[in-house]
Structure formats: structure tokens, C-alpha cells
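3 is the number of the first residue of the sequence shown in my numbering; add one for each residue after it.
Note that beta-carbon positions come from the ideal geometry of N, C-alpha and C, so glycine has one too.
A quick note: this is a predicted structure, and the numbers were derived from the prediction, not measured.
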Amino acid sequence: MTSGVGALWAHRNSLRILVRRDLAVKYQQSVLGYLWSLIEPLGMGAIYWFVFGVLYSGDTSRHLGQAAASYPLFLITGIFAWMWTSSALSEATNALTGQARLITTLNVPRQVFPISRITGRFAEYAAGLPILVAIAAVYVARGEVHPGWSVLALPLAVAVQAVLLVGLALLLSALNVLMRDIERFMRLLIRLLFYATPIIYPLSLVRESTMPGWVKTGYELNPLVGIFQLHHAVWYPDQFPDARLLTTTIVASLLVLVAGWWAFRRLEPAVLKEL
Numbered sequence: 003m004t005s006g007v008g009a010l011w012a013h014r015n016s017l018r019i020l021v022r023r024d025l026a027v028k029y030q031q032s033v034l035g036y037l038w039s040l041i042e043p044l045g046m047g048a049i050y051w052f053v054f055g056v057l058y059s060g061d062t063s064r065h066l067g068q069a070a071a072s073y074p075l076f077l078i079t080g081i082f083a084w085m086w087t088s089s090a091l092s093e094a095t096n097a098l099t100g101q102a103r104l105i106t107t108l109n110v111p112r113q114v115f116p117i118s119r120i121t122g123r124f125a126e127y128a129a130g131l132p133i134l135v136a137i138a139a140v141y142v143a144r145g146e147v148h149p150g151w152s153v154l155a156l157p158l159a160v161a162v163q164a165v166l167l168v169g170l171a172l173l174l175s176a177l178n179v180l181m182r183d184i185e186r187f188m189r190l191l192i193r194l195l196f197y198a199t200p201i202i203y204p205l206s207l208v209r210e211s212t213m214p215g216w217v218k219t220g221y222e223l224n225p226l227v228g229i230f231q232l233h234h235a236v237w238y239p240d241q242f243p244d245a246r247l248l249t250t251t252i253v254a255s256l257l258v259l260v261a262g263w264w265a266f267r268r269l270e271p272a273v274l275k276e277l
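What follows is the structure, encoded as C-alpha cells:
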């Protein structure tokens with residue numbers, strides 16, 4: 003794995019070119035261009051705010067804690083990070099099948115192709131951060147949000163999320179070449195993960211529910227739970243994951259990275275033969 007990372011670093015220019023190409027192709031025939039990557043999460047946030055912030059405001063506010071008075075910011079924070087996750091996994095799954103000719107002709111580490119999809123979607127997420135900060139500034143000015151040391155949770159959240167997504171991208175992209183059902187399965191899984199992760203609702207809602215203890219334990223084994231708690235904690239310190247959840251999240255993400263890298267290298271000969 004160390005040698006593989008070194009090879010990736012040596013071909014970092016290839017990675018940059020692939021990312022720029024993907025972004026250019028994605029928006030070249032769009033009138034609004036990159037604005038679509040902002041309109042979608044903002045639109046989703048407005049819908050969920052209406053459902054949970056207006057129609058069910060009493061049930062939601064009871065578990066939000068510090069976020070009760072600024073629920074739209076809570077929503078947008080989670081949805082912005084989720085758009086990176088969902089779009090990256092969707093595009094990384096077919097990163098090899100959709101570029102077969104390029105992969106078999108270019109002399110670069112094949113990991114570059116799925117990783118470029120993760121990097122490209124991160125670039126969209128990073129470009130949307132000023133919008134998120136502007137929304138947060140409104141609530142800070144109104145005295146409804148009081149960020150402090152917890153803003154340091156953002157680099158940690160991004161780093162752990164990137165580790166997890168790279169591991170999943172390597173694993174899924176290789177498996178999808180050999181079993182094309184993976185792409186269809188991921189469409190369903192991504193929808194399930196959205197509701198099985200504290201994006202539009204607080205983690206306390208799950209912990210205080212009447213579900214069996216083993217269900218709650220299994221729920222928190224999902225590394226995305228801790229990652230999105232870190233994203234929310236940027237503005238709401240009371241959302242910062244406890245030591246157990248944080249450790250579970252980091253360890254699980256690292257294990258996924260190692261497993262994904264190992265599986266990709268083991269499957270690479272069969273993948274190239276299939277392509």
C-alpha cells in the first residue's frame with residue numbers, strides 16, 4: 003500500500019487532469035453550470051425544513067438541542083456533506099466501466115480513476131462552503147448559533163470522510179466491473195444510507211428511541227454516523243461525537259480504506275482482463 007501511495011503521488015498531475023476533465027464535461031452543456039450543485043442541496047434542505055421544521059416542528063425541536071433555533075443550518079450542513087458522499091459513491095462505482103479504453107491505454111495507477119471521482123465531488127463540496135458559511139453567519143448574527151473551538155471539527159470530518167470514500171470507491175469500482183449488479187445495488191443502498199444517517203435528524207433521536215439496544219449499536223457502527231456528527235458539530239458543539247463513537251468512526255474508516263485498497267489490487271488483473 004505504501005508503494006501504491008507513492009505511485010499515486012508520482013502521478014498526481016494525471017489525477018488533477020482527470021478531475022478537471024470530469025468537471026468540465028459535467029457542466030459544459032449546462033446553462034447554470036456549477037450552480038446546479040448548489041441548487042440541489044439547497045432545494046432538498048428547503049423541503050426537509052418544511053416537513054420536519056414546520057409540519058413536525060414540535061417533535062423535531064425536542065431533540066435538536068442547540069440546533070433547535072437554527073434547524074435550516076443543521077439541515078444544509080448535513081445535506082452539503084451528503085451530496086459529496088452520494089455523488090462520489092455513485093460516480094466512483096462506474097469509474098472503471100465508464101473509462102475502459104482510457105484505463106487500458108494510459109500507463110498510470112488504476113486507483114487514479116475512482117479516486118479522481120472522489121476528488122472531483124470534493125471540489126464541488128469545497129466550492130459550496132462559502133454558501134454554508136454565509137448561512138451560518140446569519141444565525142451567528144442573530145445569536146442563535148455560537149460556534150467556538152468546534153469549528154476545528156470540519157477538517158477532521160473532511161479527512162475521515164475522504165478516507166472512507168476512497169476505500170469504498172476502490173472496492174466498488176473494481177467489483178462493479180466483475181458484477182454489474184453492484185451499480186444497481188448502490189442506488190438502493192445510497193437511498194437507505196440517507197435515512198440511516200443523522201443528516202436531517204439528530205443522533206439523540208435514535209439513542210432515545212424505543213428500538214432494541216442491538217439495533218442502536220449496529221446503527222452507530224456505520225462510520226457515516228460519526229462523520230455527520232462531526233459536520234454538525236462545526237456549528238453545534240453539543241453534537242460532537244463522544245469518544246466511543248469517534249473512535250469507532252475513525253477505525254472503521256481506516257479499515258475500509260485498507261480493505262478497499264487490498265481488494266482493488268487483488269482484483270486488478272481480473273478487472274483489466276474484463277475491460
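- The segment 241–253 makes contact with the segment 213–232: 3 or more CB pairs, one atom from each, lie closer than 8 Å.
- The segment 196–204 makes no contact with the segment 108–128; the number of CB pairs closer than 8 Å stays below 3.
- Exclusion of the five residues before and after E185 leaves T95, N96 and N178 as the residues of its chain whose Cβ lies within less than 7 Å of its Cβ.
- A direct Cα-Cα distance of roughly 10 Å separates T212 from K218.
- By the neighbour-count criterion, in which 16 or more other beta carbons inside 10 Å mark a residue as buried, D24 falls on the buried side.
- Within the model, the alpha-carbon separation for R189 versus L174 is close to 12 Å.
- By the Cβ-count criterion, T107 is exposed, with fewer than 16 other Cβ atoms from all chains shown falling within 10 Å of its own Cβ.
- One thing to note: L259 has its Cβ within 9 Å of the Cβ of G169.
- Using a 10 angstroms sphere on the CB of A143, the tally of other CB atoms stays under 16, which defines it as exposed.
- By the beta-carbon neighbour count (other beta carbons within 10 angstroms, threshold 16), I49 is exposed.
- The beta-carbon distance between F115 and L20, rounded to whole angstroms, is 7 Å. This is short enough to meet the 8 Å contact definition.
- W151 carries a helical assignment under DSSP once its states are collapsed to helix, strand and coil.
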